[in-house]
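**Q** Just passing along the structure, written as structure tokens.
There are 2 protein chains.
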Amino acid sequence: MSERLKAHFARHIDLSDAEYSFCLSLFVPRRARKKTFLLQEGEICKYLIFVEKGCLDAHVLDDQGEPHIVHFAVEDWWITDDYSYWTGNPAKYFIETLEDSQLLMIDRDSLESLFARYPKFERYFRILLQNHAVALDRRIAASLTMSAEEHYLYLLKLYPNITQRISLKYISSYLGITPESLSRVRARLAKKARKS
Amino acid sequence: MSERLKAHFARHIDLSDAEYSFCLSLFVPRRARKKTFLLQEGEICKYLIFVEKGCLDAHVLDDQGEPHIVHFAVEDWWITDDYSYWTGNPAKYFIETLEDSQLLMIDRDSLESLFARYPKFERYFRILLQNHAVALDRRIAASLTMSAEEHYLYLLKLYPNITQRISLKYISSYLGITPESLSRVRARLAKKARKS
DNA sequence: CGGTCTCTTGACGGAGTTCAAAGCTAGTGG
DNA sequence: CCACTAGCTTTGAACTCCGTCAAGAGACCG
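Structure (structure tokens):
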């Protein structure tokens with residue numbers, strides 16, 4: 001069980017069965033139906049979440065109460081409210097399932113005890129954070145340099161099947177445009193494709 | 197010397213003089229005049245840079261060759277091309293001094309040997325990356341939810357004196373708008389301030 | 001089937017861009 | 001130390017892309 005998580009650790013650190021089973025004992029498994037909130041704004045974000053199956057989003061509400069999606073997470077991804085989880089302050093984000101999902105969650109105390117017992121996990125999470133920072137950096141650069149159309153194509157390249165899993169409403173929110181604009185972008189692209 | 201760096205480490209980990217002097221021996225000090233490029237797109241980013249004095253930016257060029265600033269770094273900040281530094285692939289960013297600056301730089305091999313000798317530094321850099329991720333996350337949320345005016349005010353709150361150090365041209369680039377738009381935003385805000 | 005939600009399409013409006021010009025500032029060299 | 005120049009900032013006018021509002025078609029679920 002939970003082979004996905006073990007495989008993910010194995011990408012960056014060597015792990016014995018004993019180390020992994022200790023590690024796994026610190027995680028809380030959870031199943032959640034589609035449209036379940038795992039975190040609401042203002043709560044303390046207790047868990048770092050690994051997605052074994054399913055799909056989640058993290059979003060923030062603007063002044064008018066409109067949601068804006070900051071992250072998606074599918075199989076093999078981690079998701080949390082970084083700010084709240086690492087500092088213990090109230091969360092800015094909502095975290096919600098977009099599909100029926102199967103998750104493994106770990107709280108900070110457990111994570112710290114994992115680091116204390118097997119320092120190699122500190123290495124794994126440092127590398128994870130490195131990759132996370134790189135991805136966020138890319139995202140900022142993309143939003144600064146790309147038009148809506150380019151940005152959409154960039155997203156498709158990163159997550160080829162995303163339109164089959166996630167509705168355009170959510171994708172447009174992630175891109176920072178309205179569903180109508182995304183629809184028009186797609187219509188324009190389809191027209192171009194037909195011509196060539 | 198280099199008290200700033202030591203103080204910065206001390207925020208998160210306890211450090212003996214011996215540990216710090218070993219650590220410091222791994223850093224390369226450098227002074228650079230204003231408008232010096234420390235990294236160009238396509239190069240491998242060799243160094244993680246700590247700013248002792250001065251001010252730097254990291255920017256990316258779009259299709260039309262226009263620069264877009266992704267990061268600023270002033271005293272006590274770290275700056276690098278995360279992607280290139282951690283993966284060894286060619287950089288996407290240019291890193292440039294905006295003022296005469298005094299820097300401490302460390303390459304990856306040295307950083308790894310630091311981690312190997314004193315694992316507490318791995319902890320420091322994990323925390324650093326956590327904070328970095330939080331800041332990037334916030335930045336993405338800001339760009340999704342805020343108008344140009346709100347975004348500018350948000351930046352001013354984060355870096356109160358930034359307009360005294362960094363020209364509006366660079367600030368507008370960071371915000372993802374043109375210098376003309378920023379100028380108009382400021383004119384509007386000044387008008388509001390006069391009325392109240 | 002009905003109702004809700006998603007996606008599309010059209011008309012209009014507004015925030016921000018582009019282009020151009022003029023005043024201002026700061027860095028450079030004589 | 002002053003004068004000159006290049007770059008920065010501001011302002012105006014026309015334009016463009018995207019957002020808003022509204023309506024309708026299609027898909028999914030109970």
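As given, the protein sequences belong to chains A and B, one line each in that order.
Under our numbering, the first residue of the first sequence is numbered 1, with each subsequent residue one higher.
Under our numbering, the first residue of the second sequence is numbered 197, with each subsequent residue one higher.
We put the CB at the ideal spot given by N, CA and C, even for glycine.
1. For ALA141/A, which of helix, strand or coil comes out of DSSP?
2. State the Cα-Cα distance for the pair TYR281/B and HIS208/B, rounded to the nearest angstrom.
3. If we cut at 8 Å on Cβ distances, does HIS347/B have a partner in chain A?
4. Is the CB-CB distance between SER2/A and LEU26/A below 8 Å?
5. Given a cut-off of 8 Å on the beta-carbon distance, is the pair ILE358/B and LEU352/B in contact?
6. Can you tell me whether DSSP reads ASP303/B as helix, strand or coil?
7. Is VAL330/B near TYR83/A, with beta carbons less than 8 Å apart?
8. What does ASP62/A touch in chain B if you count any residue whose Cβ is under 7 Å from its own?
9. Output the boundary residues of the alpha helix (DSSP H) element that contains LEU364/B.
10. Quick check on the DSSP output: what are the complete beta strand (DSSP E) runs of length 3 or more inside the region 36 to 101 of chain A, in order along the chain?
11. Assuming contact is defined by CB atoms lying nearer than 8 Å, are GLU149/A and ARG188/A in contact in what I supplied?
12. If we call anything under 8 Å between Cβ atoms a contact, is LEU5/A one with PHE72/A?
13. Between the Cα of TYR170/A and those of ASP57/A, GLN102/A and ALA193/A, spot the shortest distance and give me the residue it belongs to.
14. Provide the residue(s) that pair with ALA32/A in DSSP beta bridges, ordered along the chain.
15. From what residue to what residue does the alpha helix (DSSP H) around ARG361/B run?
16. Is there a C-beta anywhere in chain A that falls below 8 Å from the one on LEU332/B?
17. Comparing the CB of ILE171/A with every heavy atom of the ligand SAH, is any distance shorter than 7 Å?
18. Cα separation between PRO179/A and ALA116/A?
19. If we ignore side chains and look at the alpha-carbon of each, how far apart do PHE9/A and MET105/A end up?
20. Beta-carbon separation of TYR243/B and THR276/B under 8 Å?
21. Establish whether the CB of GLN236/B and some CB of chain A are separated by less than 8 Å.
22. At which residues does the alpha helix (DSSP H) containing SER21/A begin and terminate?
23. LEU378/B to LYS231/B, Cα distance in whole Å?
24. Find the nearest neighbour of GLU262/B within the set LEU144/A, SER173/A, PRO160/A and LEU158/A, judged by alpha-carbon distance.
**A** On the basis of the data shown:
1. Start at 1 with the first residue of the first sequence, and residue 141/A comes out as number 141. Helix.
2. As a first step, residue 281/B is located in the second sequence; it is residue number 85 there, counting from the start. As a first step, residue 208/B is located in the second sequence; it is residue number 12 there, counting from the start. Spanning the two alpha carbons is a distance of roughly 23 Å.
3. Position 151 of the second sequence holds residue 347/B. Judged by the 8 Å Cβ criterion, HIS347/B is not in contact with chain A.
4. For the purposes of this step, residue 2/A is taken as the residue at position 2 of the first sequence. For the purposes of this step, residue 26/A is taken as the residue at position 26 of the first sequence. Against a cut-off of 8 Å, the Cβ pair of LEU26/A and SER2/A comes out as no contact.
5. Start at 1 with the first residue of the second sequence, and residue 358/B comes out as number 162. Start at 1 with the first residue of the second sequence, and residue 352/B comes out as number 156. Against a cut-off of 8 Å, the Cβ pair of LEU352/B and ILE358/B comes out as a contact.
6. Within the second sequence, the letter at position 107 stands for residue 303/B. Assignment of ASP303/B by DSSP, reduced to helix, strand and coil, places it in the strand class.
7. Taking the second sequence and counting its residues from 1, one reaches residue 330/B at position 134. Taking the first sequence and counting its residues from 1, one reaches residue 83/A at position 83. Yes, Cβ-Cβ distance for VAL330/B and TYR83/A is below 8 Å.
8. The residue you call residue 62/A lines up with position 62 of the first sequence. Correct list: THR341.
9. In the second sequence, the residue the question calls residue 364/B occupies position 168. Membership of LEU364/B in the alpha helix (DSSP H) is indicated by the continuous run 364 to 371.
10. DSSP runs (the beta strand (DSSP E)) wholly in the region 36 to 101 of chain A: 37 to 39, 47 to 53, 56 to 61, 67 to 73 and 94 to 97.
11. Along the first sequence, read from residue 1 onward, the residue named residue 149/A stands at position 149. Along the first sequence, read from residue 1 onward, the residue named residue 188/A stands at position 188. Yes, they are a contact pair.
12. Your numbering for residue 5/A matches position 5 in the first sequence. Your numbering for residue 72/A matches position 72 in the first sequence. Their beta carbons are not under 8 Å apart, which means LEU5/A does not touch PHE72/A by this criterion.
13. Along the first sequence, one-based indexing puts residue 170/A at 170. It is ASP57/A whose Cα lies nearest to the Cα of TYR170/A.
14. Walking along the first sequence from the start, residue 32/A turns up at place 32. According to DSSP, which records beta bridges pairwise, ALA32/A is partnered with SER101/A.
15. Along the second sequence, read from residue 1 onward, the residue named residue 361/B stands at position 165. That run of the alpha helix (DSSP H) goes 358 to 361.
16. Taking the first residue of the second sequence as 1, we reach residue 332/B at position 136. Output row for LEU332/B: interface = yes.
17. As for the ligand SAH, it is missing from this structure, which has no ligand bound.
18. Counted from its first residue, the first sequence places residue 179/A at position 179. Counted from its first residue, the first sequence places residue 116/A at position 116. Cα-Cα distance, rounded: 47 Å.
19. Position 9 of the first sequence, counting from 1, holds the residue named residue 9/A. Position 105 of the first sequence, counting from 1, holds the residue named residue 105/A. Distance between the alpha carbons of PHE9/A and MET105/A: 15 Å.
20. Walking along the second sequence from the start, residue 243/B turns up at place 47. Walking along the second sequence from the start, residue 276/B turns up at place 80. Contact flag set, yes.
21. The count along the second sequence starts at 1 and reaches residue 236/B at position 40. Residue-level contact check: GLN236/B does not touch chain A, since none of the beta carbons of chain A fall below 8 Å from its beta carbon.
22. Counting from one through the first sequence, the residue named residue 21/A turns up at place 21. Looking at the DSSP string, the run of the alpha helix (DSSP H) that includes SER21/A is 17 to 25.
23. In the second sequence, counting from the first residue as 1, residue 378/B sits at position 182. In the second sequence, counting from the first residue as 1, residue 231/B sits at position 35. Distance between the alpha carbons of LEU378/B and LYS231/B: 23 Å.
24. Walking along the second sequence from the start, residue 262/B turns up at place 66. Checked all of LEU144/A, SER173/A, PRO160/A and LEU158/A; the closest Cα to GLU262/B is LEU144/A.
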